[in-house]
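Numbering-wise, the working numbering puts 711 at position 32 of the sequence shown, and it's gapless, one number per residue.
The structure under discussion appears below in the form of structure tokens.
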Amino acid sequence: ESQNVAYTAEAVNQQATPAVDYYLKEGKKKFYLLGSDYVYPQTTNLVLLEYLLSKGVPLANIGGGFRKDGSGKIISAGKYTPFGHTDYQQIIAEIKQFAASGDACVISTLNGDTNVPFFKEYAASGLTAETCPVVSFSISEDEFRALPAKQLVGQLGCWTYFQSIKSDANKKFVSSFQSWLKDTKVDGVKKEGRVTCSPMVLSYVGVYLWKAAVEKAGSFDVDKVREAWKSGVSFDGPGGKVTTQPNMHLTKNVFIGETKADGQFKILKSFDNVYGEPWLKGKFK
680 ESQNVAYTAE AVNQQATPAV DYYLKEGKKK FYLLGSDYVY PQTTNLVLLE YLLSKGVPLA
740 NIGGGFRKDG SGKIISAGKY TPFGHTDYQQ IIAEIKQFAA SGDACVISTL NGDTNVPFFK
800 EYAASGLTAE TCPVVSFSIS EDEFRALPAK QLVGQLGCWT YFQSIKSDAN KKFVSSFQSW
860 LKDTKVDGVK KEGRVTCSPM VLSYVGVYLW KAAVEKAGSF DVDKVREAWK SGVSFDGPGG
920 KVTTQPNMHL TKNVFIGETK ADGQFKILKS FDNVYGEPWL KGKFK
């Protein structure tokens, strides 16, 4: 963590671990870890490995494979594919075998258009959201513009904002965004089928939180603004109230949603005012 970065996106306990907790309560006992081969999935899955073990999930019930160092310590957990990967036949066969007991799920950090061949192969194999559900941490409403949403119906997402949130603040935000799209003359802006999503909202609230920190500091001086941020400032955003923290992350609401055919999410569960912790306490520094 850097004291020069204000982290507005979801921390691991505002996305990954709530999803695991949800599946555990749903009776899932086996967790297959899958992601694109870069730092976010690798780090998230290593944290999830420790979290799953702490919840009593045996190592044999964590799928995707492990890589160990010379001392035998696990330094990587899960299966990884490069960006743009298209051949998921072998991985899906492995997942299907892993899920044969009927109590498995997939934790996916696949990023980008590689999700298209993954879910196509997933559906072709006979897997469904009922037999082996998938929760994705990189597919928001905006990504559905380029994905076959109907093939993902019933699958889960976990974010700190969904466009389907029913609140006056969110209604105003969505309406304002649509009005801006209609009127903007900025070159290159795609207007068709546009929606709001968590990454968009967190960028939006970040600007207002910075504004609040500057006002509290009474200065644009970086050190003073940083201290104001760490002392706690708040903004009532489209996803609810967000508050800055001493560790430079945010306290915010968390939502678990089920994918609908129209590319929106039906909210199944929410967690209020979750304090952002990027690492499991006692495990990582």
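Backbone N, C-alpha and C fix where the C-beta goes; we use that ideal spot for every residue, glycine too.
- In this structure, DSSP gives residue 844 a state outside helix and strand, which the three-state scheme calls coil.
- Spatial neighbours of residue 768 in its own chain (CB-CB distance under 7 Å, excluding positions within 5 residues in sequence) are listed in chain order as 800.
- Restricting attention to 727, 748, 754 and 750, the CA atom closest to the CA of residue 741 is found in 727.
- Residue 747 holds the alpha-carbon nearest to the alpha-carbon of residue 757 among 751, 747, 763 and 765.
- In this structure, residue 884 places its C-beta atom within 7 Å of the C-beta atom of residue 916.
- One thing to note: residue 831 has its Cβ within 7 Å of the Cβ of residue 798.
- For residue 746, the beta-bridge partners assigned by DSSP are 755.
- In this chain, the beta strand (DSSP E) harbouring residue 947 covers 944-954.
- Residue pairing of residue 838 in beta bridges, as defined by DSSP: 934.
- For residue 806, the secondary structure class from DSSP, reduced to helix, strand or coil, is coil.
- When the beta-carbon positions are compared, residue 934 and residue 841 come within less than 7 Å of each other.
- With fewer than 16 other Cβ atoms from the protein chains shown falling within 10 Å of its own Cβ, residue 805 counts as exposed.
- Ranked by Cα distance from residue 940, the first of 932, 694 and 823 is 823.
- Residue 711 and residue 731 have their alpha carbons spaced roughly 11 Å apart.
- In this structure, DSSP gives residue 902 a helical state, which the three-state scheme calls helix.
- In the three-state reduction of the DSSP assignment, residue 713 falls in the strand class.
- C-alpha of residue 734 to C-alpha of residue 783: approximately 15 Å in a straight line.
- DSSP places residue 786 in the uninterrupted beta strand (DSSP E) bounded by 783-788.
- Closest option to residue 778, judged by alpha-carbon separation, among 945, 866, 709 and 920: 709.
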